[in-house]
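Below is one structure, written out as structure tokens; the observations come after it.
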């Protein structure tokens, strides 16, 4: 029986967060993506379509910039940092993400690949897999010899809780987008329940970033929905209203101190504070070109990562690498500004980028691909003053583009 590329990619997304299932650098998810890439690489590319390859173009630029940084680190800077093994590991990981993004975007632009159906299947199967393991975790701390919990937190089959929570964070909002395009009360109710449970599981990982992402995601979704309902002509008023609301929330408590306390509680031994501070200092020393792939922060005799996406980009690809990453996120955000659940899903990934490293994470880039290429029935150009053309949600209103 022939298995479609879409099903292979869904399987890859479902399996990818469970890093304990890997055998070394590669796992089943990575093998599936490479198989699809080889099939896509052997086929032609329409030059007119390449402008839509935003993820691919970002990685081509990022890798080029980081290679310049590597050359500077090796031959220019007197305080050379990193090791050959770490350089090789990061370079291989980034090349793999580049191959993955090219495969996704070529499928989306050169074939009958249905991104909307792919997103639905990713949500349903990923959430179902997590739910099965979540229920099992109430009865046993491990399954098939692999842990389901880290102390009392839900961290199934993964080396690090963030590998799970990073995947779960956008799922509730993706589920709402899928639900809006579904037909029938029963189907919508099931999808809504699954979305709620995805949010519960994200919080149950014990990640403070996941909890923050849920709050901010709901706020962002409400903001985007207000834009859709009131129209583009009310953009200034909506921004003022939600800006005032944000200020009221911030003023309601000493959020600076709360944030500091949360950071201190989660920063065991002050390691993250050390990494962030030294990453910034080291990044400023090589501001324009960075130092190339790999870990560059010396800590207790070994080089460590910055554990923060923007600082990692600064260290590896310099200021232009950071700008390229920020511009990519802004362009994706503009694409889904009038699609509340997808904008909320993106906000969750941005929270993780600000508090962790998503550059090497396959599930994060699959989710960015879904958000970027999901069929949209409304766009900023479709909004008229005081009027909304069609629905913001996929599956309703004007034909998807």
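Residue numbers (my numbering): 1 to 401. Glycine included, every Cβ here is placed at the ideal spot set by N, Cα and C. Keep in mind that this is a model prediction, so the values were computed, not measured.
Open item on the list: Can you tell me whether residue 308 is buried or exposed? The criterion is at least 16 other CB atoms within 10 Å of its CB, across all chains shown.
Closed with: Only buried fits residue 308, as 16 or more other CB atoms lie within 10 angstroms of its CB.
Task: Stretch pair the stretch 341-351 + the stretch 161-178: three plus CB contacts closer than 8 Å - done: Three or more beta-carbon pairs drawn from the stretch 341-351 and the stretch 161-178 are found closer than 8 Å, and the two stretches are therefore classed as touching.
Task: Continuous alpha helix (DSSP H) stretch holding residue 304: start and end - done: Element bounds for residue 304: not the alpha helix (DSSP H) but the beta strand (DSSP E), 302-304.
Open item on the list: Just to confirm, is the Cβ distance from residue 335 to residue 315 under 9 Å?
Closed with: No, Cβ-Cβ distance for residue 335 and residue 315 is not below 9 Å.
Task: Selected residue, minimal CA-CA separation from residue 95, among 112, 125, 64 - done: Here the closest residue by C-alpha is 64.
Open item on the list: Using CA atoms only, rank isn't needed, just tell me which of 124, 287, 228 is closest to residue 191.
Closed with: Among 124, 287, 228, the Cα nearest to that of residue 191 is on 124.
Task: Cβ contact (3+ pairs, closer than 8 Å) linking the stretch 281-299 and the stretch 63-82 - done: A contact between stretches requires three or more CB pairs, one per stretch, nearer than 8 Å, and the stretch 281-299 meets this requirement with the stretch 63-82.
- [ ] For residue 170, name the three-state secondary structure that DSSP assigns.
- [x] Coil, per DSSP.
Task: Contained alpha helix (DSSP H) runs [length at least 4] in the stretch 179-210, N- to C-terminal order - done: If only complete runs of 4 or more residues are kept, the stretch 179-210 shows the alpha helix (DSSP H) at 185-204, in order along the chain.
Task: Extent of the continuous beta strand (DSSP E) run through residue 299 - done: Per DSSP, residue 299 is one residue of the beta strand (DSSP E) stretching across 297-299.
TODO: Classify residue 285 as buried or exposed, calling it buried when 16 or more other Cβ atoms lie within 10 Å of its own Cβ.
DONE: Counting C-beta atoms within 10 angstroms of its own C-beta, residue 285 has fewer than 16 neighbours from the protein chains shown and is therefore classed as exposed.
Task: Under the three-state DSSP convention, the category residue 377 falls into - done: Residue placement at residue 377 cannot be trusted, given a pLDDT of 40 that sits under 50; what the coordinates show is reported in the next sentence. It is coil, neither helix nor strand.
Task: Cβ-based burial, residue 40 [other Cβ within 10 Å; buried from 16] - done: By the neighbour-count rule (16 or more Cβ atoms within 10 Å), residue 40 is buried.
Task: DSSP bridge partner residues for residue 150 (one or two, in chain order) - done: For residue 150, the pairing in a beta bridge is given by DSSP as 153.
TODO: Quick one: residues in its chain with C-beta nearer than 7 Å to the C-beta of residue 274, no 5 flanking neighbours on either side, listed in chain order?
DONE: For residue 274, where only same-chain residues beyond five positions count, the Cβ hits under 7 Å are 299.
Open item on the list: Taking the alpha carbon of residue 370 as the reference point, which residue from 240, 100, 51, 24 has its own alpha carbon closest?
Closed with: Of 240, 100, 51, 24, the residue nearest in Cα terms is 100.
Open item on the list: If I measure Cβ to Cβ from residue 11 and keep anything under 7 Å in the same chain, skipping five residues before and after, which residues do I get?
Closed with: Answer for residue 11: 32, listed in chain order.
Task: Nearest residue (CA-CA) to residue 406, options 78, 75, 73, 133 - done: Not covered by the structure: residue 406. The range shown for the chain is 1 to 401.
Open item on the list: Taking the alpha-carbon of residue 182 as reference, which of 201, 212, 116, 161 has the nearest alpha-carbon?
Closed with: Comparing Cα-Cα distances from residue 182 to each of 201, 212, 116, 161, the minimum goes to 116.
Open item on the list: Below 8 Å, how does it come out for the stretch 47-60 and the stretch 74-83: are there three or more Cβ pairs, yes or no?
Closed with: Contact fails: fewer than three Cβ-Cβ distances are below 8 Å.
Task: Of the listed residues 130, 170, 145, nearest to residue 154 (C-alpha basis) - done: Comparing Cα positions, the closest option is 130.
Open item on the list: On a Cα-Cα basis, can you pick out the residue from 346, 18, 219, 148 that is closest to residue 246?
Closed with: The candidate whose alpha carbon is nearest that of residue 246 is 219.
- [ ] Mark residue 227 as exposed unless 16 or more other C-beta atoms lie within 10 angstroms of its C-beta, in which case mark it buried.
- [x] Counting Cβ neighbours within 10 Å, residue 227 comes out buried, since at least 16 surround it.
- [ ] Scan the stretch 323-380 and note each continuous alpha helix (DSSP H) run of 4 residues or more that stays entirely inside, going in chain order.
- [x] Along the length of the stretch 323-380, whole alpha helix (DSSP H) runs at least 4 residues long occupy 340-355, 362-373, reported in chain order.
Open item on the list: Could you pull the DSSP bridge partners for residue 143 from this structure?
Closed with: Beta-bridge pairing links residue 143 to 146.
TODO: Look at the alpha carbon of residue 158 and the alpha carbon of residue 16, and state the distance between them as a whole number of angstroms.
DONE: Straight through space, the alpha carbons of residue 16 and residue 158 are spaced by roughly 10 Å.
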